[in-house]
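Residue numbers (the numbering used here), protein chains in the order written: chain D, 1 to 179; chain H, 1001 to 1167.
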């Protein structure tokens, strides 16, 4: 079974999911994984889809042209076999949350500290909250720590970011419990 | 007695509301033994409910005393027959996993302190005040008796349900 990464984005309005899934259903596609959300007024759909017969993106693209006519942007990429599977991640899980006055570079600075140490970001969300006059930037991310880095050490690393950027950063360990 | 096989979702037996235990007879005593054997055999488990081994009776066992999160504040091994939560207080969010729902964990918010009434394995009526991880574990197991899994308690699939990463 071949898998494809499909991204669809356009100004939010009712009926987008219905239109997209109608097309996928009629094509005979299976939705393996998906995440859809409103980002700054745009409805963004990210899907991993599969088809029992088609193995090249070009065979599928034509099906989505009605969406382009409805002002939705469509991107499709063919995944290499196995590319649809999440990589095996070892190490402790932690959640990093950042709150602060909106200013450029918050995400970059935090992500750079993590990336340089081989800390894998597995989920990231940002939002602007607060008033229009005093916007507050919120970022929450989930990351897997390599064995040589502890949550306490990451907290120490983030203390510098806290100081440099003047933002609140909290790091907490996530321990999934088996009940 | 015996280590029993844990049923996996979507087995319909995990979604049924269990019957109250009427009499503490040999069948129930055997069930309690099996639940304890199954829980301790799993090693990392801190609780098992009867429907997880295919029995539709209101019986759970909980023991958080060997877990890092629960060892400082617990009642040891609890056998709970017909458990009822009388009072709840506060809230606590933990990322829960369940032997019946492998591969996924989810953020679930539950009461931080509970007062729970039950009949123990010896047939004595007891009331226990539990807090923290033990309280969470008891609530998770009692949910099983009403056909509820942690997946029924998460509020957002996007932010609250995660594919298990360390297995």
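Glycine included, C-beta positions come from ideal geometry on N, C-alpha and C.
Since the structure is predicted, the reported quantities are computational estimates derived from the model, not experimental observations.
Asked                                                                                                                                 : Found
Nearest-angstrom Cβ-Cβ length linking residue 1064 of chain H and residue 1079 of chain H, presumed shorter than 8 angstroms          : About 14 angstroms separates the two Cβ atoms, so there is no contact after all.
Contacts of residue 1098 of chain H in chain D (Cβ-Cβ under 8 angstroms)                                                              : 178 and 179
Boundaries (first-last residue) of the alpha helix (DSSP H) holding residue 84 of chain D                                             : That residue, residue 84 of chain D, is in no alpha helix (DSSP H); it is neither H nor E in DSSP.
Spatially closest choice to residue 27 of chain D from D:162, D:99, D:54 and D:38, by CA coordinates                                  : D:54
DSSP three-state assignment for residue 122 of chain D, whether helix, strand or coil                                                 : strand
Whole-angstrom distance between residue 1125 of chain H and residue 119 of chain D, CA atom to CA atom                                : 51 angstroms
C-alpha gap between residue 164 of chain D and residue 112 of chain D, whole angstroms                                                : 14 angstroms
Own chain partners of residue 6 of chain D with C-beta closer than 6 angstroms, once the 5 adjacent residues on each side are dropped : 47, 49 and 76
At least 3 beta-carbon pairs within less than 8 angstroms: the stretch 1027 to 1034 of chain H vs the stretch 128 to 140 of chain D   : no
Neighbourhood of residue 1147 of chain H by C-beta, 6 angstroms cutoff - its chain only, sequence neighbours within 5 removed         : 1015, 1016 and 1017
Neighbour list for residue 175 of chain D in chain H, Cβ cutoff strictly below 9 angstroms                                            : 1068, 1069, 1094 and 1095
Bounding residues of the beta strand (DSSP E) (the contiguous stretch that carries residue 1094 of chain H)                           : 1092 to 1098
Proximal residues, the stretch 1028 to 1052 of chain H versus chain D, C-beta separation under 7 angstroms                            : 1044, 1045, 1046 and 1047
Continuous beta strand (DSSP E) stretch holding residue 1102 of chain H: start and end                                                : 1101 to 1110
Buried/exposed call for residue 1005 of chain H, threshold 16 Cβ in 10 Å                                                              : exposed
Beta-carbon neighbours of residue 1141 of chain H, restricted to chain D and to distances below 8 angstroms                           : 179
Below-8 angstroms beta-carbon distance, residue 1135 of chain H vs any chain D residue                                                : no
Exposed unless 16 or more other CB atoms sit within 10 angstroms - verdict on residue 1166 of chain H                                 : Confidence at residue 1166 of chain H is low in this model, with a pLDDT of 49, below 50, so its placement is unreliable and the value that follows should be read with caution. Residue 1166 of chain H should be labelled exposed.
Span of the beta strand (DSSP E) around residue 1 of chain D                                                                          : Segment: none, residue 1 of chain D is in no beta strand (DSSP E) and carries neither H nor E.
Proximity to residue 1056 of chain H [Cα-Cα], best of H:1145, H:1153 and H:1152                                                       : H:1145
Buried versus exposed, by CB contacts within 10 Å (16 or more), residue 1091 of chain H                                               : exposed
First and last residue of the uninterrupted beta strand (DSSP E) at residue 51 of chain D                                             : 42 to 51
CB contact flag (residue 8 of chain D, residue 72 of chain D, <8 angstroms)                                                           : yes
Where residue 1016 of chain H falls: helix, strand or coil (DSSP)                                                                     : coil
Proximity of residue 1024 of chain H and residue 1053 of chain H at Cβ, strictly below 8 angstroms                                    : no
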